Amino acid sequence: MSKLAHRVLKEPHITEKATDLVSQNQYIFKVSQRANKNQIKKAIETLYDVNVAKVQIINIPKKQRRLGRISGFKKGYKKAIVKIKKGQKIELIPR
Numbered sequence: 071m072s073k074l075a076h077r078v079l080k081e082p083h084i085t086e087k088a089t090d091l092v093s094q095n096q097y098i099f100k101v102s103q104r105a106n107k108n109q110i111k112k113a114i115e116t117l118y119d120v121n122v123a124k125v126q127i128i129n130i131p132k133k134q135r136r137l138g139r140i141s142g143f144k145k146g147y148k149k150a151i152v153k154i155k156k157g158q159k160i161e162l163i164p165r
């Protein structure tokens, strides 16, 4: 299950909004494009040893970018907002 968990979860998505959501027991992760809610839930529970209450998924579309006359696209990605049960905590940044 550990290999699958590492394939499903790419990295924690650390932003100002994400750090505000930690107080509500919600954490944001960038995940694989093929991952579904059940796979994300199992991956979080095995890697971080917590109980997941809810998983929400957001697909961020690709965006067009220009550099002079050359235009291209910035990759789209999928992120998951994971809510864990009260009294539990995920240590994303070791102190």
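Residue numbers 71 to 165, in our numbering, belong to the letters of the sequence shown in order. No residue lacks a Cβ here, since even glycine has one placed at the ideal position from N, Cα and C. Bear in mind the structure is a predicted one, so any value in this text is a computation, not a measurement.
DSSP-derived helix/strand/coil call for residue i
i    : result
Q166 : With the chain covering 71 to 165 only, the question about residue 166 has no answer from this structure.
K124 : strand
Q103 : coil
L162 : coil
Through-space distance from residue j to residue i, alpha-carbon basis
i    : j    : result
E161 : R139 : 44 Å
K149 : Q158 : 21 Å
S141 : K133 : 11 Å
T89  : L137 : 32 Å
V101 : L91  : 18 Å
For residue i, the first and last residue of its enclosing alpha helix (DSSP H)
i   : result
L74 : S72 to V78
L91 : E86 to L91
Residue j beta carbon less than 8 Å from that of residue i
i   : j    : result
F99 : L117 : no
A75 : A123 : no
Where the beta strand (DSSP E) through residue i begins and ends
i    : result
Q94  : No beta strand (DSSP E) contains Q94, which DSSP labels as neither H nor E.
R139 : Note, R139: premise wrong, no beta strand (DSSP E); not H, not E.
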